[in-house]
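Numbering (my numbering), first residue to last: 2 to 115.
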């Protein structure tokens with residue numbers, strides 16, 4: 002069974018940057034679209050970025066121009082580079098296929114605050 006492990010979150014000031022990583026077990030990783038999702042307190046989980054096996058990407062309007070998703074299939078890892086962070090980016094960030102097929106991991110907390 003595929004397991005997902007997210008890391009890289011933390012506390013950052015507005016305008017700061019973070020890089021999140023998602024490591025997946027299992028060889029099936031390379032054939033799926035993979036997305037980064039986030040869930041803020043009291044809100045539904047939402048997709049913020051996705052990447053295809055061929056490296057095409059798409060982004061939610063709220064993060065376009067600030068976040069960049071990438072993947073390294075040899076390492077079975079997907080990254081999310083987050084720049085110009087704002088308080089509304091505060092959430093637990095998760096990765097999964099897009100649409101989500103695998104069990105959710107623990108996520109990684111991102112807090113943007115001065």
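Each residue gets a CB set at the ideal place from its N, CA and C atoms; glycine is no exception.
Just so you know, these numbers come straight off a predicted model, no measurement behind them.
Taking 9 Å as the cut-off, the beta carbon of residue 113 is found closer than this to the beta carbon of residue 87.
When DSSP reads this structure, residue 69 sits in a beta bridge with 82.
Here residue 109 is near residue 7, since their CB atoms are less than 9 Å apart. Note on geometry: alpha-carbon atoms of residue 41 and residue 92 lie some 4 Å from one another.
Inclusion of residue 97 and residue 5 in the CB contact set at 9 Å is warranted, their separation being smaller than that value.
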